[in-house]
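To start, the structure under review is shown below, and the notes come after it.
Number of protein chains: 2
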Amino acid sequence: MTSLRLSNVRPWGGDPADLHIANGVLTGEPDPGAEVIDGAGRLVLPALVDAHAHVDKTTYGGPYRRHTAGSSLASLIDNERTHRESLGPVAARAGDLLDRYIAHGVLHVRSHVDVDPVIGLASIAGVQEAAASRPVSMQIVAFPQSGLITRPGTLALMADAIDAGAHLVGGIDPAGFDGDPIKHLDAIFGLAADKGVGLDIHLHDRGTLGAWQIDRIVERTNALQLQGKVTIAHCYALSTVDDARQGALIESIAAADISLTTTAPGTTPQLPLARLAQAGVRVGLGHDGVRDLWSPYGTGDLLEKVLSLAVMSGYRRDDDIDSVLRLATHGGASVIGLPDYGLTAGCAANLLLLPVSSTVEAVTERPQRQVIAHGVLL
Amino acid sequence: MTSLRLSNVRPWGGDPADLHIANGVLTGEPDPGAEVIDGAGRLVLPALVDAHAHVDKTTYGGPYRRHTAGSSLASLIDNERTHRESLGPVAARAGDLLDRYIAHGVLHVRSHVDVDPVIGLASIAGVQEAAASRPVSMQIVAFPQSGLITRPGTLALMADAIDAGAHLVGGIDPAGFDGDPIKHLDAIFGLAADKGVGLDIHLHDRGTLGAWQIDRIVERTNALQLQGKVTIAHCYALSTVDDARQGALIESIAAADISLTTTAPGTTPQLPLARLAQAGVRVGLGHDGVRDLWSPYGTGDLLEKVLSLAVMSGYRRDDDIDSVLRLATHGGASVIGLPDYGLTAGCAANLLLLPVSSTVEAVTERPQRQVIAHGVLL
Numbered sequence: 001m002t003s004l005r006l007s008n009v010r011p012w013g014g015d016p017a018d019l020h021i022a023n024g025v026l027t028g029e030p031d032p033g034a035e036v037i038d039g040a041g042r043l044v045l046p047a048l049v050d051a052h053a054h055v056d057k058t059t060y061g062g063p064y065r066r067h068t069a070g071s072s073l074a075s076l077i078d079n080e081r082t083h084r085e086s087l088g089p090v091a092a093r094a095g096d097l098l099d100r101y102i103a104h105g106v107l108h109v110r111s112h113v114d115v116d117p118v119i120g121l122a123s124i125a126g127v128q129e130a131a132a133s134r135p136v137s138m139q140i141v142a143f144p145q146s147g148l149i150t151r152p153g154t155l156a157l158m159a160d161a162i163d164a165g166a167h168l169v170g171g172i173d174p175a176g177f178d179g180d181p182i183k184h185l186d187a188i189f190g191l192a193a194d195k196g197v198g199l200d201i202h203l204h205d206r207g208t209l210g211a212w213q214i215d216r217i218v219e220r221t222n223a224l225q226l227q228g229k230v231t232i233a234h235c236y237a238l239s240t241v242d243d244a245r246q247g248a249l250i251e252s253i254a255a256a257d258i259s260l261t262t263t264a265p266g267t268t269p270q271l272p273l274a275r276l277a278q279a280g281v282r283v284g285l286g287h288d289g290v291r292d293l294w295s296p297y298g299t300g301d302l303l304e305k306v307l308s309l310a311v312m313s314g315y316r317r318d319d320d321i322d323s324v325l326r327l328a329t330h331g332g333a334s335v336i337g338l339p340d341y342g343l344t345a346g347c348a349a350n351l352l353l354l355p356v357s358s359t360v361e362a363v364t365e366r367p368q369r370q371v372i373a374h375g376v377l378l
Numbered sequence: 379m380t381s382l383r384l385s386n387v388r389p390w391g392g393d394p395a396d397l398h399i400a401n402g403v404l405t406g407e408p409d410p411g412a413e414v415i416d417g418a419g420r421l422v423l424p425a426l427v428d429a430h431a432h433v434d435k436t437t438y439g440g441p442y443r444r445h446t447a448g449s450s451l452a453s454l455i456d457n458e459r460t461h462r463e464s465l466g467p468v469a470a471r472a473g474d475l476l477d478r479y480i481a482h483g484v485l486h487v488r489s490h491v492d493v494d495p496v497i498g499l500a501s502i503a504g505v506q507e508a509a510a511s512r513p514v515s516m517q518i519v520a521f522p523q524s525g526l527i528t529r530p531g532t533l534a535l536m537a538d539a540i541d542a543g544a545h546l547v548g549g550i551d552p553a554g555f556d557g558d559p560i561k562h563l564d565a566i567f568g569l570a571a572d573k574g575v576g577l578d579i580h581l582h583d584r585g586t587l588g589a590w591q592i593d594r595i596v597e598r599t600n601a602l603q604l605q606g607k608v609t610i611a612h613c614y615a616l617s618t619v620d621d622a623r624q625g626a627l628i629e630s631i632a633a634a635d636i637s638l639t640t641t642a643p644g645t646t647p648q649l650p651l652a653r654l655a656q657a658g659v660r661v662g663l664g665h666d667g668v669r670d671l672w673s674p675y676g677t678g679d680l681l682e683k684v685l686s687l688a689v690m691s692g693y694r695r696d697d698d699i700d701s702v703l704r705l706a707t708h709g710g711a712s713v714i715g716l717p718d719y720g721l722t723a724g725c726a727a728n729l730l731l732l733p734v735s736s737t738v739e740a741v742t743e744r745p746q747r748q749v750i751a752h753g754v755l756l
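Chain order of the listed sequences is Z and H. So that you can map any letter, position 54 of the first sequence is 54 in the working numbering, and since no number is skipped, the others follow by simple counting. Add 378 to the 1-based position in the second sequence for the working numbering, that's all there is to it.
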């Protein structure tokens, strides 16, 4: 296999150095026969990690469509069920989006993929097909977007999805959307325990209702010894309860080693990132949908989400902005459990080269970048 | 002078049409001898309007600098006064930023420019120099960034600035920062009336304190018959008082024909845009600072601010997102009082050509664009 030397690059904005790659892995060892790429002082980051995507929903690859949904969660979900069949095959649309991801250096993705009695496992298969032919690692969450308790037959399909290669069991607002939090949580935790996989649960419910469900998720995580294998996505409750309740929730989330993902919502207060970091909670960042029936936003460049989250967190200092970039890299890698992730010897050589001098400029400028996947310059 | 035909373009995303330009002005008349540019179905927008900038403060054109300020307004202002002399000449820095603006199609700018006893009118002169050699129209607000009542000598310098060509009198948090709202407002309104110019007043003060100052600004605007000539910038109070108070404030702002500008703040609720539009209040959008001693954010592409404001306003529908794009174009033009602005015959031919099919995609994609200034393709 090829070996490569990236000369004069600045890992995570630090001092200039050479990076050595052999057989797709970073090594500490120079190889005299290696092909040399002149880094010209560019910044090197490990590949971006989208820890919360919905690549099956995108309309990339098709013509522009006007937004047709109302603003409630139920309206958004209904609108999608009405129009999704007109979008064309999942594999093609998801593939076009993944090409965008890869061009921007997003090489690791955890995507929720809809499962319900109408589409069955078709979207799961489409996403698997799109990812298989591309240099991107894909985790799939079998996601009951249209309801679980309220949509009979979905749980059995989610079990089939896991058997067909989906990696995690999903869930969605057990109380606020699906209407029976105990039945919903018992069902998805039971399935996860049965199949020996983890869970990633959408929780938009705010305030005390969301907080109460976090407690129920923590209970089940501990009871089933699923510590380290459960993620709560969005988790708006955490930023919409009072300070003391927030502190108690973070403590129990940390103790159960539950991870969180955010997609930098526009109109909900951001997660308390500093407090979560202090408690040692793993946090990842995701695109959420990209140009789909839910919203027209997104381009596939996760650095845009980093920028949004930094701005909406009120950050101006370099170390604060840098900490948000860490969510889109190391944070996401810790949420989805990537082995061998990073810039040190032994890590897989999935890298970005950016023509900027600092991690802050990577975020503020979001320049065109070169991407190295498994040691190969794309 | 040259005449130009833009064939097959889509004004504001509408049906394909040809636009005819002669002597820098849009005409309804084809000229058989005109040079033809094939629009290839691209979107045409009128030039972007940055209605609230601080181009004297930017560090563009210099090396990257770490953020050194604390988070309070006073700390940000003090930090700037400490470090600004190390930044190099205003004309060069502002010029580099204006080049970025122009490349992104921002051809009309209202910039607040610092005036105080240390720098005197030097920054005013620097911004004037930068703008004079570039195809951008520049309005300058003589801005008492470091205080007016608390910094004796500043008012006289602001009068000198108007005499030297600055277009408007500025102000800043008459209560929360300068400490004496009545003295501050009487001073700046007195100066504006004396010189026969308008005002543009920074008001970050939130809640009831800010609302009380809005009432005082409205009183003076009406008493001095300055209707149509006063802008309140930021105006955080409007989104941080209760619904009834907000309604009453909007009514009096509309009656005094006071305009507002927003810079899409990251951690303050956004202006109530729909309610302001319904009341007929003119609203513009601005970059605020771009990579300066206050914040590292911004690139000179005002469409990024449009995107941020749309996302943080919770907008998903096409007409809502379109309305935010209007703030960055027609809205800003109405705030700064541009004559002959728009896409109809008789308007100045300051235009953007964007390779997208809809105004929403102009915002979500923010593609590279071609710019026409005064009828000339740049």
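Glycine included, each C-beta is placed from N, C-alpha and C at the ideal position.
- In this structure, H:Leu404 sits near H:Ala727, with a CB-CB distance shorter than 8 Å.
- Judged by DSSP in its simplified three-state form, H:Pro495 adopts coil rather than helix or strand.
- Within chain Z, no C-beta atom comes less than 8 Å from the C-beta of H:Val702; the nearest is roughly 12 Å away.
- For Z:Gly300, the closest Cβ of chain H is not nearer than 8 Å.
- Chain order gives the chain H residues near Z:Met312 as Gly644, Thr645 and Met690, where near means a beta carbon separation below 8 Å.
- In the three-state scheme derived from DSSP, where H, G and I count as helix and E and B as strand, Z:Thr231 is classed as strand.
- At least one CB of chain H lies nearer than 8 Å to the CB of Z:Val360.
- Shortest Cα-Cα distance from Z:Leu309 to any of Z:Gln270, Z:Ala211 and Z:Tyr341 involves Z:Gln270.
- By the CB criterion at 8 Å, Z:Gly24 and Z:His374 fall inside the cutoff.
- Among the residues of the region 719-747 of chain H, those with a Cβ less than 7 Å away from any Cβ of chain Z are Ser735, Ser736, Val738, Glu739, Thr742 and Glu743, in the order of the chain.
- Contact of Z:Arg93 with chain H by beta-carbon distance below 9 Å is absent, the smallest such distance being about 17 Å.
- Counting C-beta atoms within 10 angstroms of its own C-beta, H:Thr722 has fewer than 16 neighbours from the protein chains shown and is therefore classed as exposed.
- Within the region 476-535 of chain H, the runs of beta strand (DSSP E) that reach at least 3 residues and sit entirely inside it are, in chain order, 484-492 and 515-521.
- Taking each of H:Gly588, H:Gly678 and H:Ala565 in turn and checking the Cα distance to Z:Glu365, the smallest one comes out for H:Gly678.
- The count of Cβ pairs closer than 8 Å, one atom from the region 659-673 of chain H and one from the region 420-438 of chain H, reaches three, so the stretches are in contact.
- Against chain H, the beta carbon of Z:Ser308 has neighbours under 8 Å at Ser686 and Val689, listed in chain order.
- Assignment of H:Ser464 by DSSP, reduced to helix, strand and coil, places it in the helix class.
- Listed in chain order, the non-local C-beta contacts of H:Ala470 below 7 Å within the same chain comprise Gly439, local neighbours out to five positions each way being set aside.
- Using beta-carbon distances, Z:His67 counts as an interface residue toward chain H, with a partner under 8 Å.
- Among the residues facing chain H, Z:Tyr297 is included, as its CB has a counterpart in that chain under 8 Å away.
- When Cβ-Cβ separations below 8 Å define contact, Z:Asp318 makes contact with chain H.
- Checking the DSSP bridge columns, you'll see H:His398 partnered with H:Arg383 and H:Thr405.
- Minimum Cα-Cα distance from Z:Thr261 among the listed residues Z:Leu249, Z:Ala328 and Z:Met312 corresponds to Z:Ala328.
- For the C-beta of H:Tyr442, the chain Z residues within less than 7 Å are, from N- to C-terminus, Ser357, Ser358 and Glu361.
- Interface annotation for the region 643-669 of chain H against chain Z: Gly644, Thr645 and Arg669, criterion Cβ-Cβ distance under 8 Å.
- Annotated as distal: H:Lys683 and H:Thr737, with beta-carbon spacing of 8 Å or more.
- Contact annotation: the region 228-239 of chain Z touches the region 197-217 of chain Z, with at least three C-beta pairs closer than 8 Å.
- Z:Gly14 is bridged by DSSP to nothing; it lacks a bridge partner.
- The beta carbon of H:Lys561 is closer than 6 Å to those of Ile527 in its chain, skipping five residues each way along the sequence.
- Annotation for Z:Pro181: the continuous alpha helix (DSSP H) segment containing it runs Pro181 to Lys195.
- Z:Leu157 is a Cβ neighbour of Z:Leu121, given a cutoff of 8 Å.
- The C-beta distance from Z:Pro89 to Z:Tyr341 rounds to 32 Å, too long to meet the 8 Å contact threshold.
- Looking at the backbone, the Cα of Z:Gly198 and that of Z:Ile321 are separated by about 30 Å.
- The C-beta separation of H:Asp670 from H:Thr437 comes to about 6 Å, placing the pair in contact by the 8 Å criterion.
- Taking a contact as a CB-CB distance under 8 Å, the pair Z:Pro265 and Z:Gln213 does not count as one, their CB atoms being some 18 Å apart.
- If you check the CB distance, Z:Gln370 and Z:Leu377 come in under 8 Å.
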